[in-house]
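In the numbering used here, the protein residues as written are 675 to 905.
Structure follows, in structure tokens:
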């Protein structure tokens with residue numbers, strides 16, 4: 675029997691228990707893995723973190739997760755957290771860091787090590803105090819990197835978005851010694867994640883200079899203008 679994504683689940687015992695491990699994993703993938711990134715959001719700090727995928731029913735994935743966990747919670751979590759792409763990007767980067775922390779430092783923290791693919795805003799930069807021509811990582815940007823480094827220990831793909839909320843210092847700016855230092859600090863933290871296989875920088879606001887692109891590429895990062903590779 676070929677399971678649908680949501681409908682006809684019935685009792686998970688009935689649907690999954692008679693399957694071989696290979697067929698059962700395929701069933702989990704069909705029910706639990708979205709073809710598009712899962713948008714992670716939180717309406718307020720007092721509200722739980724929620725998921726949204728365009729084209730999916732509003733009860734997805736909560737209902738299907740609940741049903742599958744009744745059968746085997748460990749297998750369900752391994753597929754859901756390990757095979758989906760989670761997108762935390764919010765143009766208000768302070769709010770994004772709050773959502774990321776709520777997601778990782780919660781009941782989800784037991785599953786954070788399963789995450790394999792995430793999208794975040796590039797760690798924000800700011801003018802250095804007393805040196806308006808110099809840039810440095812913001813406290814929030816550093817904190818976001820620390821969260822990823824501490825909790826997402828099996829992450830394979832990390833995508834960073836550059837948008838209007840965090841483009842300062844990253845778009846249209848000439849490469850400076852302070853920017854070189856800031857990007858190197860980001861790279862050092864990412865290299866501490868031995869599982870990381872791919873780092874993608876997606877520009878959705880303005881463009882980086884050729885020198886900045888070359889530096890990022892020299893660090894092993896893939897630089898894209900939206901979905902197109904940077905020249």
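Where a beta carbon is used, it is the ideal one built from N, C-alpha and C, also for glycine.
Determine the burial state of residue i: buried for a count of at least 16 other Cβ atoms within 10 Å of its Cβ, exposed for fewer.
i           : result
residue 659 : The structure shown does not extend to residue 659, since the chain is modelled only from 675 to 905, so the question has no answer here.
residue 788 : buried
residue 682 : Here the model assigns residue 682 a pLDDT of 48, short of 50, so the residue's position is not dependable, and the following value carries that caveat. Classification of residue 682: exposed, given that the 10 Å Cβ count is below 16.
residue 691 : exposed
residue 869 : exposed
residue 812 : buried
residue 731 : exposed
residue 890 : buried
residue 802 : exposed
Sorted by chain position, which residues of the same chain lie with C-beta nearer than 6 Å to residue i's C-beta, five sequence neighbours on each side aside?
i           : result
residue 898 : 876
residue 831 : 791, 872
residue 757 : 707
residue 751 : 785
residue 712 : 725, 727, 758, 760
residue 846 : 880
Grab me the residues of residue i's own chain with a C-beta within less than 8 Å of its C-beta, minus the 5 sequence neighbours each way, in chain order.
i           : result
residue 729 : 710
residue 768 : 814
Can you find the residues in the same chain that come closer than 7 Å, C-beta to C-beta, to residue i, ignoring five residues on each side of it along the sequence?
i           : result
residue 817 : 771
residue 823 : 863, 866, 867
residue 766 : 839
residue 735 : 706, 725, 754
Closest to residue i by CA distance: which of the options is it?
i           : options            : result
residue 881 : 695, 731, 902, 791 : 902
residue 760 : 767, 749, 778      : 778
residue 727 : 720, 714, 738      : 714
residue 859 : 810, 845, 842, 905 : 810
residue 852 : 784, 716, 701, 807 : 807
residue 854 : 874, 887, 834      : 887
residue 836 : 874, 861, 821      : 874
residue 833 : 827, 794, 826      : 794
residue 820 : 846, 861, 723      : 861
residue 828 : 744, 723, 783, 763 : 783
residue 749 : 720, 703, 826      : 703
residue 878 : 716, 774, 904, 689 : 904
Please report the Cβ distance between residue i and residue j, rounded to the nearest whole angstrom; I am assuming they are in contact, meaning their Cβ atoms lie under 8 Å.
i           : j           : result
residue 849 : residue 885 : 4 Å
residue 893 : residue 842 : Wrong, their Cβ atoms sit about 20 Å apart, outside the cutoff.
residue 746 : residue 796 : So it is not a contact: roughly 37 Å between Cβ atoms.
Uninterrupted alpha helix (DSSP H) stretches inside the segment 799-881 (no shorter than 4 residues): The DSSP assignment places complete alpha helix (DSSP H) segments of no fewer than 4 residues inside the segment 799-881 at 813-825, 851-865, in order along the chain.
- request: Note down, one range per segment and in chain order, each beta strand (DSSP E) of at least 3 residues found wholly within the segment 719-749.
  value: Unbroken beta strand (DSSP E) runs of no fewer than 3 residues, entirely contained in the segment 719-749, are found at 724-726, following chain order.
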